[in-house]
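Engineer: Residue numbers (the numbering used here), protein chains in the order written: chain A, 1 to 113; chain B, 1001 to 1111. All residues carry an ideal CB built from backbone N, CA and C; glycine is no exception. Bear in mind the structure is a predicted one, so any value in this text is a computation, not a measurement.
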Amino acid sequence: DAGVTQSPTHLIKTRGQQVTLRCSPKSGHDTVSWYQQALGQGPQFIFQYYEEEERQRGNFPDRFSGHQFPNYSSELNVNALLLGDSALYLCASSLGGPRNTIYFGEGSWLTVV
Amino acid sequence: KQEVTQIPAALSVPEGENLVLNCSFTDSAIYNLQWFRQDPGKGLTSLLLIQSSQREQTSGRLNASLDKSSGRSTLYIAASQPGDSATYLCAVTGNNNDMRFGAGTRLTVKP
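This is how it looks when you write it as structure tokens:
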């Protein structure tokens, strides 16, 4: 049973560029959440998708957007990258919303130079 | 706004010791609390999930307690092993489904 998979694992972008990160949830899971984790900090909630709609959103600017596809996979897009966007981006999935056990992927390391 | 604090930020113990990690939160209106483990550069692994109506959960050498009224949770690790070395994070899910994490406790267990 495949867990949560994310791609790419590492990437380097230049300030002002755009990036797309991808996530496939654990088999059978329908809810996907995205988190940003800076070095030495806990993950910060970006947004959550359920039934292809954004259900919850954290305190992140509109430069951060996402999408969930009919197969429950998800993308995170970040426009106009800033140096401060450098972080580990984590995708997590659960079944029927976030109130059940949540499973995390290994993350995508984004470095903005 | 929910604030989650973990103390201590780092802890180093010799192998075999029992230890306690602490988590506190400011808003007691939570749905559940989860403890996670994170190895360096890796994702998070869920260790224990405590629903708001529960007082504790146990898994092997791990025991987590929850005192919602005082806004506290503890993770007890018995007979620590070098393989337990990792960062331990607690996260609370509010009734609005918003999950908030603490900054974690970095644990080192020395052989």
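1. Under 8 Å Cβ to Cβ from R15 (chain A), same chain only, skipping five residues before and after it: list those, please.
2. Bridge partners for Q1057 (chain B) per DSSP, in chain order?
3. Quick one: what's got a C-beta closer than 8 Å to D62 (chain A)'s C-beta in the same chain, skipping five residues either side?
4. Do T1105 (chain B) and Y1088 (chain B) have their beta-carbon atoms positioned less than 9 Å apart in this structure?
5. Look at the Cβ atom of F47 (chain A), then the Cβ atom of Q56 (chain A), and state whether they are nearer than 9 Å.
6. Indicate whether at least one CB of chain B lies closer than 9 Å to the CB of E106 (chain A).
7. Following the continuous beta strand (DSSP E) through N1022 (chain B), name the residue where it begins and the one where it ends.
8. Is the stretch 1036-1055 of chain B touching the stretch 85-105 of chain A, taking contact as three or more C-beta pairs under 8 Å?
9. So, helix, strand or coil for P1014 (chain B), using DSSP?
10. Give the DSSP bridge partners of I12 (chain A), in chain order.
11. What whole-angstrom Cβ distance do S74 (chain A) and Y49 (chain A) have, given they're in contact under 8 Å?
Structural biologist: On the basis of the coordinates in this document:
1. Only L81, L82, L83, V112 and V113 meet the Cβ criterion.
2. Q1057 (chain B) pairs with B:A1064.
3. none
4. yes
5. yes
6. yes
7. L1019 to F1025
8. Taking 8 Å as the limit for Cβ pairs, the verdict is that the stretch 85-105 of chain A does touch the stretch 1036-1055 of chain B.
9. strand
10. A:T111
11. Indeed they touch by this definition, with Cβ atoms about 6 Å apart.
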